[in-house]
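**Student:** Once you've had a glance at the structure underneath, I'll fire off some questions.
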Amino acid sequence: MALSGEHMFGYRRPVPRAPAPTILHADLDAFYASVEQLLDPGLRRRPIAVGGGVVLAASYEARAFGVSAGMSGGRARRLCPGLTIVPGHFEEYQRLGDRVIDVLRSFTPLVERVSIDEAFLDVAGALHLFGSPGDIATAVRRRVHGEIGLAISVGAARTKHLAKVASQVAKPDGVIVVPVGEEAAFLEHLPVGLMWGVGPATRARLAGAGIHSIGELAAAPGPHLERLLGRAAGGKLAALAGDVDPRRIEVGGRARSVGAQAALGRRFPTPELVRTTFGYLADRVAGRMRAAGCGGRTVTVRIRFADFRSVTRSASVRHAVSSTLTLAEMCCALAGGAMADHPGDGQITLLAVSVANLVPDATAQLELPLGLDGGHRPGSAHRSARWSVDRSVDAVRARFGHGAVGYATVALSDDGRVPDAFRRLAERRLPDS
DNA sequence: TCTGGGGTCCTAGGACCC
DNA sequence: TCTGGGGTCCTAGGACCC
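Note that our numbering has the first sequence beginning at -9, numbered continuously upward.
Following this line, the structure appears as structure tokens:
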């Protein structure tokens, strides 16, 4: 190791480094649609959507017609008669998204992946190698474009929140650096909806108070804001304004809950429908937990009714659950109670289950039975029978693929359903055991 | 024109404990 | 008997994110 003069004198001179906007937010543009245009040159510069019954993503050309994610395919076609709808190459999205993240990691190990197509980076330690944050942002964009063929927008600022706002403003295919000290000027005339955490409901509330821009929001008195946005709002504003952001880059984050849901169209919740649907959902969720060697202590079901209201019911148990059958039974019991509390026209449109309080523990597979139905507690023979069934199913799947065995999904209408590959894209990694 | 799927976090009230 | 405060966990709902 070479000794510098500083080390020889036994102290390290403090480095008076000016604060730099070293947090980057990199966000691929119209990711799914761009991948399709990359794979099939015939789709380039044309309005396309990925999906089927429902639009999962739209190219910028399609967005110009008002097509957006979440919209039904029929409506999208009416808005944009020339629209091409493609089913989607979900495995390619995962593969290309991973390659982009690899490019980011070549600049710094401090990469926090937020989703399939976006990530935060802290490049404070990379400046001496690659230049200024702006240089790095530009290099990222050039490499992702050159090596993978996708457009990516990058924002650089002093905090995660502000970097994210910057990348959104930079879209499509751009870069924005917000110099330290110029945060307020950058934000002043931007709409409040660009703030992280300000969605339709909050935006409407703020508009009612005459607040439309972030500048107007910043100028509003604190107590007034707290009434409008809740107590957490102050911290958000401070982070946005470029003050110290408590949220650091988190590498390798793990999910705190696991869930699955199924849209049903409008259906009457017959015991058969409820049982088969929760069988399918519990199978997905419990299978993921067992694969990760964890279980969960809190089970929540959600039911959405035809009028779009929804109710949730949850229950916590002492011993974590990871058996498909046990989870399915809990779901049915909770859902039964929820529906009894909510008489309406009776039709439902969605069932969902989520498991939280995850316990990374292989013995979670030996969870105790629940007894939601009044203390019925089968003995250990039942328990081990369930464990054996799960083990067998997991083993068959490991050898022959997920579709080889398991719950039929006949209850779910085929046309509205999205492919399992799409579901997998959105899944966060569970805690390792 | 009613809307796919997987997540996170906040709030508020209540139970319970010390 | 009534008074007080703090902490933790649970539940339900809501808003928001990609």
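Just so you know, even glycine gets a beta-carbon here, dropped at the ideal spot from N, CA and C. These numbers come from a predicted model, not from an experiment.
Could you pull out every residue in the same chain whose Cβ sits closer than 6 Å to the Cβ of A20, ignoring the five residues on either side in sequence?
**Tutor:** The residues are S49 and Y50.
**Student:** Note down the Cα distance separating D273 from A209, rounded to an integer number of angstroms.
**Tutor:** Taking the straight line from one Cα to the other gives about 51 Å.
**Student:** My output table needs one value for R131: the three-state DSSP class, helix, strand or coil.
**Tutor:** Three-state result, R131: helix.
**Student:** For L415, count the other beta carbons within 10 Å of its own beta carbon; 16 or more makes it buried, fewer makes it exposed. Which is it?
**Tutor:** Result: buried.
**Student:** Give the straight-line distance between the Cα atoms of V275 and L324, rounded to the nearest whole angstrom.
**Tutor:** For V275 and L324, the distance between alpha carbons rounds to 16 Å.
**Student:** V167 bridges to which residues according to DSSP?
**Tutor:** Answer is A146.
**Student:** Considering Cα atoms alone, identify which of E137, I106 and V159 is closest to Y22.
**Tutor:** Checked all of E137, I106 and V159; the closest Cα to Y22 is I106.
**Student:** Could you check where the alpha helix (DSSP H) with R68 kicks off and where it finishes?
**Tutor:** Taken as a continuous stretch (DSSP letters only), the alpha helix (DSSP H) holding R68 covers G63 to L69.
**Student:** For L94 and V168, I'd like the C-alpha separation in whole angstroms.
**Tutor:** Cα-Cα distance, rounded: 20 Å.
**Student:** Return the residue from the list G124, Q27, Q158 and R35 that minimises the CA-CA distance to Y83.
**Tutor:** Measuring from the Cα of Y83, the nearest candidate turns out to be Q27.
**Student:** Could you give the distance in angstroms between the alpha-carbon of G361 and the alpha-carbon of T192?
**Tutor:** Note on G361: pLDDT 43, under 50, position unreliable in the model; the coordinate value appears next. Their Cα atoms are separated by approximately 41 Å.
**Student:** Would DSSP call F268 helix, strand or coil?
**Tutor:** Helix, per DSSP.
**Student:** So, using beta-carbon positions, are A156 and I166 closer together than 7 Å?
**Tutor:** Yes, the Cβ-Cβ distance between A156 and I166 is below 7 Å.
**Student:** T339 and R294: beta carbons closer than 7 Å?
**Tutor:** The answer is yes: Cβ separation under 7 Å.
**Student:** Quick one: what's I201 bridged to in DSSP?
**Tutor:** For I201, which the question treats as bridged, DSSP gives no partner whatsoever.
**Student:** Kindly indicate which three-state DSSP category T192 falls into: helix, strand or coil?
**Tutor:** DSSP places T192 in helix when its eight states are reduced to three.
**Student:** Measure the C-alpha to C-alpha separation of R299 and R133 and round it to an integer number of angstroms.
**Tutor:** Roughly 46 Å between the two C-alpha positions.
**Student:** Ends of the beta strand (DSSP E) at R294?
**Tutor:** C284 to F295 is the extent of the beta strand (DSSP E) around R294.
**Student:** Do A116 and L73 count as a contact pair if the criterion is CB distance below 7 Å?
**Tutor:** Not in contact: L73 and A116 (Cβ atoms no closer than 7 Å).
**Student:** Taking the Cβ atom as the reference point for each residue, do A59 and V45 lie within a distance shorter than 7 Å?
**Tutor:** Their beta carbons are under 7 Å apart, which means A59 touches V45 by this criterion.
**Student:** Quick check: what's the CA-CA separation for L18 versus M185?
**Tutor:** So the two alpha carbons sit approximately 19 Å from each other.
**Student:** Output the distance between the C-alpha atoms of L33 and M329, rounded to the nearest integer angstrom.
**Tutor:** Distance between the alpha carbons of L33 and M329: 46 Å.
**Student:** Opposite V311 in the DSSP bridges: which residues?
**Tutor:** Answer by DSSP bridge pairing, in chain order: G286.
**Student:** Check this for me: beta carbons of C321 and F258, under 7 Å apart or not?
**Tutor:** It is not a contact, given that the beta carbons lie outside the stated cut-off.
**Student:** Okay, do the region 242 to 261 and the region 108 to 115 touch, 3+ Cβ pairs below 8 Å being the bar?
**Tutor:** No, because fewer than three Cβ pairs between the region 242 to 261 and the region 108 to 115 fall closer than 8 Å, the two stretches do not touch.
**Student:** Spatial neighbours of L29 within its chain, please: CB distance less than 8 Å, with the 5 preceding and 5 following residues excluded, ordered by chain position.
**Tutor:** Only H79 and E82 meet the Cβ criterion.
**Student:** When DSSP builds the beta bridges, which residues end up paired with L111?
**Tutor:** For L111, which the question treats as bridged, DSSP gives the partners L14 and V101.
**Student:** What separation, rounded to the nearest whole angstrom, lies between the Cα atoms of R419 and R376?
**Tutor:** Near 25 Å, if we compare the C-alpha coordinates of R376 and R419.
**Student:** In the DSSP assignment, what are the bridge partners of G249?
**Tutor:** Partner(s): S344.
**Student:** Taking the beta strand (DSSP E) that V40 falls in, what are its first and last residues?
**Tutor:** Counting along the chain, the beta strand (DSSP E) containing V40 begins and ends at I38 to G41.
**Student:** CA-CA distance, A282 and V90?
**Tutor:** Each residue's Cα considered, the two are about 25 Å apart.
**Student:** For L304, does the three-state DSSP call read helix, strand or coil?
**Tutor:** The sequence given here has Ser at residue 304, not Leu. If DSSP states are grouped into helix, strand and coil, S304 belongs with the strands.
**Student:** State the CB to CB distance for the pair L196 and L207, rounded to an integer number of angstroms; the pair is presumed to be in contact (CB under 8 Å).
**Tutor:** Their Cβ separation, rounded to whole angstroms, is 7 Å, which keeps L196 and L207 in contact under 8 Å.
**Student:** Look at the Cβ atom of V345, then the Cβ atom of V289, and state whether they are nearer than 7 Å.
**Tutor:** Yes, they are a contact pair.
**Student:** If I'm right that E172 touches S203 with Cβ under 8 Å, what's the distance once you round it to whole angstroms?
**Tutor:** Contact flag wrong, Cβ pair sits at about 16 Å.
**Student:** Can you tell me where the alpha helix (DSSP H) with L227 in it begins and where it stops?
**Tutor:** Its alpha helix (DSSP H) spans residues A223 to L230.
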